[in-house]
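Data block below; observations after.
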Amino acid sequence: MSVSVQEADFDAGAEIAALSAGRDDVGAVASFTGLVRADKPADAGADARVGADAPPTVQAMTLEHYPGMTEKALEAIVDEARGRWDIYGVRVIHRVGRLVPGDRIVFVAVASAHRGEAFAACEFIMDYLKTRAPFWKKEETPQGGRWVDARESDDHAAGRWEAGK
Amino acid sequence: MNIKILFFAGLREALGTGSASLELPAGIATVGALRDHLAARGEAWTALATTKNLRSAVNQQMVGAEATVKAGDEVAFFPPVTGG
Chain A
43 MSVSVQEADF DAGAEIAALS AGRDDVGAVA SFTGLVRADK PADAGADARV
93 GADAPPTVQA MTLEHYPGMT EKALEAIVDE ARGRWDIYGV RVIHRVGRLV
143 PGDRIVFVAV ASAHRGEAFA ACEFIMDYLK TRAPFWKKEE TPQGGRWVDA
193 RESDDHAAGR WEAGK
Chain X
2 MNIKILFFAG LREALGTGSA SLELPAGIAT VGALRDHLAA RGEAWTALAT
52 TKNLRSAVNQ QMVGAEATVK AGDEVAFFPP VTGG
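Protein sequence lines correspond, in order, to chains A and X. First residue of the first sequence: 43, per the numbering used here; consecutive thereafter. First residue of the second sequence: 2, per the numbering used here; consecutive thereafter.
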C-alpha cells in the first residue's frame, strides 16, 4: 500500500525505515513532510502580523477531498514517477479533516539506489500532488472561514516536469 | 439512466449541496455543456459559471470542458485543488 488518505497522524521515521526494511539495495531515501503553518493568509493585509505576540491568523484548517478519485489520482502520480525514475519504493500519506498549525499534513518518501532519483521523484510527486490530487483547504481565521486559492507558482512547479518528458 | 454530479469545496458551499442526480438532457454531450445547463438554472447555480478556473472530472479522471459525458457517468465540478 503506497498511498494513504487518512485523518490520523503518521510516524515519518517509521515510514522512512519501512522503505528499506529487509533489503540491501536501497542507497537513498528522500522524504518530504508538509506541516500546517500558522502564518497569515497570502492576501491578508500588511497589518495582519503585528508583533511577535500577535495570535496566528490561521487557527486551523479543514482538508476536504474527493473520496475515490483522490486515491486514484495519487496512484497515477506514483505510477508516473515509477515510469520516469528507477525507484524501489514510494510512500504517500495525505491527511484530511481538521488540522491545526504544527500538524503534519502530507508525507512523501521515495527509496532508490542513489540520491538523484530519490530527490527528483520525491519532488515530482509533491509538485504533481499539489496540482492534480483533489484536495481543498479551508482555513479558519478570526474573520471566518476562507477557501485557500490555488497558487500559480504550484502550476509552474508542476510544469517544470513537462519539458523533460 | 441518470447522471451523478458531485460538487466540492467552495462550489459545494455556494450550491448548498454536494451532489445532484439528473437525467442527461437531450443535446448535452460534453462536460462544458452540462456545466452551462446547470448554471442556466439561475440563482445559486450560477456559481458554476462564475467560479474561476472551475475544474471537472468524469468518472474520477480530471478532464477538460470538451470531454464527453453519457448516462451513468459520475461527473464532478470543483475549484482548482489546494492540497499538499
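Where a beta carbon is used, it is the ideal one built from N, C-alpha and C, also for glycine.
Residue i versus residue j: straight-line alpha-carbon distance, rounded
i: A/Y108; j: A/D67; result: 36 Å
i: X/N54; j: A/G69; result: 42 Å
i: A/E161; j: X/A41; result: The displayed chain sequence assigns Phe, not Glu, to residue 161 of chain A. Taking the straight line joining both Cα atoms gives about 48 Å.
i: A/A63; j: X/G43; result: 58 Å
i: A/F115; j: A/V148; result: For clarity, residue 115 of chain A is Ala in the given sequence; the question names Phe instead. The alpha-carbon atoms of A/A115 and A/V148 are separated by roughly 15 Å.
i: A/V78; j: A/T104; result: 10 Å
i: A/A56; j: A/A118; result: 24 Å
i: A/Y130; j: A/T75; result: 19 Å
i: A/V101; j: X/T83; result: The sequence given here places Gln at residue 101 of chain A; Val does not occur at that position. The alpha-carbon atoms of A/Q101 and X/T83 are separated by roughly 18 Å.
i: A/E113; j: A/S46; result: 7 Å
i: X/P80; j: X/Q61; result: 15 Å
Residue i classed as buried or exposed, judged by whether at least 16 other C-beta atoms fall within 10 angstroms
i: A/A53; result: Looking at the sequence shown, residue 53 of chain A is not Ala but Asp. When all chains shown are included, A/D53 counts as exposed.
i: A/E49; result: exposed
i: A/A205; result: exposed
i: X/A58; result: buried
i: A/V142; result: exposed
Cβ of residue i within 8 Å of any chain A Cβ
i: X/G11; result: yes
i: X/P26; result: no
i: X/A50; result: no
i: X/M63; result: yes
i: X/A41; result: no
i: X/L82; result: For the record, residue 82 of chain X in the displayed sequence is Val; it is not Leu. True, the Cβ-Cβ gap to chain A drops below 8 Å.
i: X/A77; result: yes
Any chain X beta carbon closer than 8 Å to residue i
i: A/F177; result: yes
i: A/W127; result: no
i: A/V68; result: no
i: A/E117; result: no
i: A/V190; result: yes
i: A/L40; result: Residue 40 of chain A is absent from the structure shown; chain A starts at 43 and stops at 207.
i: A/V148; result: yes
Integer Cβ distance of residue i from residue j, believed to fall under 8 Å
i: X/I29; j: X/D74; result: Not confirmed; about 11 Å, so no contact.
i: X/A48; j: X/L23; result: 17 Å between Cβ atoms; not a contact.
Checklist entry - Do the stretch 185-194 of chain A and the stretch 113-128 of chain A make contact, defined as three or more Cβ pairs closer than 8 Å? => result Judged by Cβ distances under 8 Å, the stretch 185-194 of chain A makes no contact with the stretch 113-128 of chain A, as fewer than three pairs qualify.
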